[in-house]
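Going by full-length UniProt numbering, the residue at position 179 of the sequence shown is 179; the numbering climbs one at a time, nothing skipped.
Ideal Cβ positions, reconstructed from N, Cα and C, are used throughout, including at glycine.
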Amino acid sequence: MDITESIEIQYIVLKEVDFRMLRKLKQQVTQAVNSVNPSEPQHEPLFNESDASSEGFLCPVCMHSFSSPDELQIHFQVHAIQQVGEQKLSDSSSFSLLGNGFNESNAVHLELDMKELRSQLQDEKRYSMELKKELDRLLGLIANQTEISKDEIPYLTQQVQMLEAGKALATERMLEMEKETRGMNRQVEQLKQENSKLIKKIGELSTNIISKTDEIEEKNAEKALLGDELVRYRQEIQNLEVEIENLRKKLDQRPSEDDVNVLRKELVHAQQLMDRITQEKEEEIKKDIGTMHKMEQDRERLNCEIGILKSNIEGLENIIAKSGDGSKKLIEEIEAFRKVWEKKAANSTERISNACKKIEDLEITVSGYKREIRTNDIEKNKMSEFEDAKKSLLEAEKQHINLQEKIMSLTLLLNEQKQNYEEKEMEAIKKEEIKTEYRKEIEQLKTNIFKLETSLTEASAIEDVLKQNLKEAKAKESLLMQKISDGNGAEDLAIEQMHKEKLALEDMVNELNEALKSLNIYYENAISKHEESWIEKIEAEEKKMKKLENELSKLHSNYISAEEGNRKKLAAMLEEKMKISDEMNKIIETEHIKLKSAVERCTLMEEKARQLDNELHEKETVANRHNEEYAKLKETVKNIQSELKQLECDLAEKEKISKEDVCQLQKTLSIYEQEKSMLKEQLENVLQRFSVLSEECSGYKKSEVELVENINQKELLIKQLEEKIDSLMAKLEYEKQCHDESIKDEQCKLNQMQQENAAVLTAKEKEIVTQLKTISGLNEKLCAKEKQLSDVLQEMEKVHIELHSKEEERHVLENKALKLNKQNSELRKEMDNLEKRIIQLKNDFEKETNSLKNSLEKCEKDKEESLSKLHVQLETEKNRLKEASKYNEEKNENLKQMKEDLNELRIVQRDLEKKKAEWLQEKRALQERCLTAESDLEFERERAIVNKRNFDDVQTAIRELGQVNQNLQMDFAKQISRKWLEDSEAINCHACDKPFTLTNRKHHCRQCGQIFCASCSSFTAKIASSKNPVRVCNACHEEIMHRYQHIV
């Protein structure tokens, strides 16, 4: 792409240069024609020419007028600098574009250049219209005037030669651009082929790597299985060793020869020993029966587990079958999609080939037109046909560019489709890997089931052996009991049986030891063999991996070298393009020389002008014929364009359909991924909720424990308070009873005292007795007052004092009783409040317990709901997995179909390559014809180079004359504008502004007429007005020297 862009930019730059040269020539021609025929209507200005008058100082390059010579000089210098800068920029822009590649800034510049080119094409169309008008005007002049003036003939011949030169330029440019585009197309095709080869190699390597990794994973799984088997074998060996040790212990427990001697002495106690033995054996039989029941339970449990595993295996097989069906469907869809796109690609290639054929046909027609134009170079009326042909060529070029862009877009679409196809293949491979993993798991489960079944069979065999041994032992016991009961030869029989049993047990132990040794040897050999085989396989795989790594490194180095080669080729192509651009610049110079030679040929064309007038009528008929042919060609071009539009519409529709399919697939994939992520998020949320709920449950449990503890403490406090309240109530009641009794006693005493006081005179003795009794009772209470019983008066006084004191005590006690009643009421109130609080606490506790129970029930419900949801989600995921497996199977089928279609397309591709080889042969033949035609063109190019050189010489001479004219105009204007200053007018120096004094004298400059000091007018120079050198100021001296150097 970068090379094509650089070529386009170079072409644009060259076009701009040609357009500028043509514009200049057009302006010169129009000015010359207008100057020769002032009576005719003037030429309309083109290319944004100004309508202002051309009075003043004219620039020889752009013919722009200026009011002063200084402005003209500055403008002329700027114009020269711009020309040099534009040449440098054109060279540097091509290099920078080729070096930097495609950027956004370059794209913007290219868009601007395209806009400029469009404007230039519009200007060129206007220019061609103006040329037609001028030709018509010339024909009218020729028709009106029988004789052409001598002054007008050179301008007319110059115009004709200019048009011929432009015509030759356009034809050469078209040929060169066609060659460049063909070369670039070849390079692009080569690069595409190399890229496809590299992609194929990378795909093969990736498939090899995937297969090797799968093999390694399978071998690792086999290794793990063997390790598990080794562990199981070791456990079995340990169990056998334990059994052997138990048998040895039993043998040691059996009676030896010494014990037999003891038995001979103790035959009396044989019956008791036999009873004990029978009891022990019965216990052992019971233990064996218990073990048998346990074994049967274990067997049933294992059978249940086997059934569950089988059901799981069946479910997994169903899932795998469904996933296989899904993968097959995916493969079928991919293959169908690939078929559709390959058909589209084939159709697009056929259309592209048809378009290329049409372009080649157009090129052939263009070459025919070019030949006709070459044959009719001298004729004037062919200019209009040439312009029409040029327009058609431009349109063909645009169509060619559009087709190239379409080809590039189609290649990009094909690459994108290949990438999508590769991605889908990778997805199918991943799904196949998942299937293999499922199959491995199923095989592992099958092996485990087989192992369990074998272990069950072994256990059942062991059970049968134990049962048989038990039966034999029972039979032996019955025989021994019979013989002992008979009493005949009991000792001998017992001894013989003991010896026989001992020998049999020893033989069994020896056999078991030999079996253990043989099993150990067998397992060690098997393990060593497996390890050796695994080591060999691992070494072989490592070698293969190393080979693959070496191949990858080689391919990487080849890829790097290919990239470097491509870069070198691109650099060479750039150098060639730069050379071509230099050659184009040389060709432009030769064309300028041609124009100069055309000026010389004008004299010869004056004689042929009269002959051309007679031939014009004949050529008009030929032009009409060519116009008809051109109209037919236009119709064919329109038909081709309509076909191309139809093809574009079909391609757009198919692209839309494919994009919609791809979008739908992407949407489904995104939906599945989103659902997967949502499920994962839901699982995570559920797990988080579960953890939060568990934490909350633990917190609730802790709070429950704390609340229970608090409740227990509160209950204890309540019990204590109740006990305290009961004790206080008991004390209060007791004190109340005591107080009531004391009050009653005191009241009784008061009544008695009153009766006694009333009957003091009548019954003092009775009162004294009663008082003595009371005094004695009081003395018992108060031991300190027992000595004062002698004096009755004292006692009476004491009685009176006691009465007063008792009355006071009664008042005090009444106050106390009131206070106690108040306290009792207050305590009852407190009791009521406490009971209310206790009821409130009980209610609060019941509420809290109910709330906690509700929260626990809610938590349990939430757990159950979450578990049910999880089960539902798991079922849905299982269903989705089944659907995905079905989808994978479908995709696999699609892939198979697509592979078959690929093989068919490869066969078609081979046929197309054969056709392509035939077309290339035809193309070579046409190229040979073109080379012969180019050899004919070279002679004319040499002539054009000579003419261009002559034209450059004339142009340089014209420029020099223009500069001389400019300088003369400037000098003339300056001399006209200059005035001789008088001494009285000058006070200071004109250059340094120093004031004039007697020492600093005034000096006139003989060139400009100003007055200067001696230092500012120290130079002398020759002027046109004087023969000898004259005093001149510094500025005028620099101007004169610069002019002199320029002339030299």
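Legend entry - Three-pair Cβ contact test at 8 Å for the stretch 981-994 versus the stretch 198-215: The answer is no - the stretch 198-215 does not touch the stretch 981-994, with fewer than three Cβ pairs under 8 Å.
Inset, instruction - Per DSSP, which residues does P995 bridge with? Please list them. - result: Position 995 of the sequence shown, counted from the first residue, corresponds to residue 995. Answer by DSSP bridge pairing, in chain order: N988.
Legend entry - C-alpha distance - P1029 paired with L998, whole-angstrom precision: By one-based count along the sequence shown, residue 1029 stands at place 1029. By one-based count along the sequence shown, residue 998 stands at place 998. When rounded, the distance between both Cα atoms is 26 Å.
Legend entry - K1027, enclosing beta strand (DSSP E) - first and last residue: Against the sequence shown, residue 1027 aligns to sequence position 1027. Unbroken beta strand (DSSP E) run through K1027: 1026-1032.
Inset, instruction - Within its chain, find whatever has a CB closer than 6 Å to the CB of F996; leave out the 5 residues flanking it on each side and keep chain order. - result: The count along the sequence shown starts at 1 and reaches residue 996 at position 996. Excluding sequence neighbours, F996 sits near K1002.
Inset, instruction - Reducing DSSP to helix, strand and coil, say where residue 1100 ends up. - result: With the chain represented from 1 up to 1048, any question about residue 1100 goes unanswered, as that position is not in the structure.
Inset, instruction - List the residues that DSSP assigns as beta-bridge partners of R277. - result: As a working mapping, residue 277 is identified with position 277 in the sequence shown. Note that residue 277 corresponds to Ile in the displayed sequence, not to Arg. Within the DSSP secondary-structure output, I277 pairs in no beta bridge.
Legend entry - Burial state of A944 (16 or more Cβ within 10 Å): Here residue 944 refers to the residue found at position 944 of the sequence shown. Result: buried.
Legend entry - Proximity of Q1010 and H990 at Cβ, strictly below 8 Å: Position 1010 of the sequence shown, counting from 1, holds the residue named residue 1010. Position 990 of the sequence shown, counting from 1, holds the residue named residue 990. In contact: Q1010 and H990 (Cβ atoms closer than 8 Å).
Inset, instruction - Report, in whole angstroms, the separation of the C-beta atoms of Q909 and A336, which I expect to be a contact under 8 Å. - result: Within the sequence shown, residue 909 is the residue found at index 909, counting from 1. Within the sequence shown, residue 336 is the residue found at index 336, counting from 1. Between Q909 and A336 the beta-carbon gap is near 20 Å, outside 8 Å, which marks them as no contact.
Inset, instruction - Please check the pair I743 and L813, which I expect to be a contact at CB under 8 Å, by giving their CB distance rounded to whole angstroms. - result: Here residue 743 corresponds to residue number 743 of the sequence shown, with the count starting at 1. Here residue 813 corresponds to residue number 813 of the sequence shown, with the count starting at 1. Here I743 really is in contact with L813; their C-beta atoms are around 7 Å apart, less than 8 Å.
Inset, instruction - Can you give me the Cβ contacts of residue 1050 inside the same chain, cut-off strictly under 7 Å, excluding the 5 residues immediately before and after it? - result: A query on residue 1050 cannot be resolved here, the shown segment of the chain reaching from 1 to 1048 and no further.
Legend entry - Check whether N950 and I593 have beta carbons under 8 Å apart: Within the sequence shown, residue 950 is the residue found at index 950, counting from 1. Within the sequence shown, residue 593 is the residue found at index 593, counting from 1. Yes. Within cutoff.
Inset, instruction - Check whether the Cβ of E982 lies closer than 7 Å to any heavy atom of the ligand GTP, and answer yes or no. - result: Inclusion of the ligand GTP in the displayed structure is not the case, the ligand content being empty and no account of it being possible.
Inset, instruction - Taking D214 and T436 to be in contact with their CB atoms under 8 Å, please state how far apart those CB atoms are, rounded to whole angstroms. - result: In the sequence shown, counting from the first residue as 1, residue 214 sits at position 214. In the sequence shown, counting from the first residue as 1, residue 436 sits at position 436. Taking a contact as a CB-CB distance under 8 Å, the pair D214 and T436 counts as one, their CB atoms being some 7 Å apart.
Legend entry - I1011 - partner residues in DSSP beta bridges: What you label residue 1011 is simply residue 1011 of the sequence shown in a count that begins at 1. According to DSSP, which records beta bridges pairwise, I1011 is partnered with H1004.
Inset, instruction - Specify the secondary structure class of L981 as computed by DSSP and reduced to three states. - result: Translated into the one-based positions of the sequence shown, residue 981 becomes position 981. In this structure, L981 counts as coil in the three-state DSSP scheme.
Legend entry - Where K62 falls: helix, strand or coil (DSSP): For the purposes of this step, residue 62 is taken as the residue at position 62 of the sequence shown. For the sequence presented, residue 62 should be read as Cys rather than Lys. Judged by DSSP in its simplified three-state form, C62 adopts coil rather than helix or strand.
Inset, instruction - Check whether the Cβ atoms of C1008 and R978 lie closer than 8 Å to each other. - result: On the sequence shown, residue 1008 is found 1008 positions in, with the first residue counted as 1. On the sequence shown, residue 978 is found 978 positions in, with the first residue counted as 1. Contact flag set, yes.
Inset, instruction - Below 7 Å CB to CB, which residues in the same chain sit around L920 once its five sequence neighbours on both sides are set aside? - result: Within the sequence shown, residue 920 is the residue found at index 920, counting from 1. Contacts found: none.
Inset, instruction - Compare the beta carbon distance of E332 and K891 with 8 Å and say whether it is the shorter of the two. - result: As a working note, residue 332 is residue 332 in the sequence shown. As a working note, residue 891 is residue 891 in the sequence shown. Annotated as proximal: E332 and K891, with beta-carbon spacing under 8 Å.
Legend entry - CB-CB length for I429 against I210, believed under 8 Å: As a working note, residue 429 is residue 429 in the sequence shown. As a working note, residue 210 is residue 210 in the sequence shown. Indeed, because the Cβ distance is near 6 Å, the residues count as touching under 8 Å.
Legend entry - When I285, E189, S1025, L175 are compared against M408, the one with the closest alpha-carbon: Counted from its first residue, the sequence shown places residue 408 at position 408. The option with the nearest alpha carbon to M408 is E189.
Legend entry - Closest Cα partner of E1039 within the set N1000, D971, N988, S1025: Position 1039 of the sequence shown, counting from 1, holds the residue named residue 1039. Looking at the Cα atoms, D971 is the closest of the given residues.
Inset, instruction - Would you check if the distance between the CB atom of K339 and the CB atom of D901 is smaller than 8 Å? - result: Within the sequence shown, numbered from 1, the residue matching residue 339 stands at position 339. Within the sequence shown, numbered from 1, the residue matching residue 901 stands at position 901. Yes; because the gap between Cβ atoms is below 8 Å, this pair is in contact.
Inset, instruction - Look at the Cβ atom of R948, then the Cβ atom of T590, and state whether they are nearer than 8 Å. - result: The sequence position of residue 948 within the sequence shown is 948, counting from 1. The sequence position of residue 590 within the sequence shown is 590, counting from 1. The question names Arg, but residue 948 in the sequence shown is Lys. Against a cut-off of 8 Å, the Cβ pair of T590 and K948 comes out as a contact.
Inset, instruction - For E889, count neighbouring C-beta atoms within 10 Å of its own C-beta (all shown protein chains included) and say buried if the count is 16 or more, exposed if not. - result: Position 889 of the sequence shown, counted from the start, is the residue given in the question as residue 889. With 16 or more other Cβ atoms within 10 Å, it is buried.
Inset, instruction - Let me know the secondary structure DSSP gives E49 once reduced to three states. - result: As a first step, residue 49 must be located in the sequence shown, where it is residue number 49. Any reading at E49 is ruled out, since the residue's pLDDT is 39, under 50, leaving its predicted position unreliable.
Inset, instruction - Given a cut-off of 8 Å, decide if H1037 and A1021 are closer than it, judged by their beta-carbon atoms. - result: Along the sequence shown, read from residue 1 onward, the residue named residue 1021 stands at position 1021. Along the sequence shown, read from residue 1 onward, the residue named residue 1037 stands at position 1037. In this structure, the beta-carbon distance from A1021 to H1037 falls below 8 Å.
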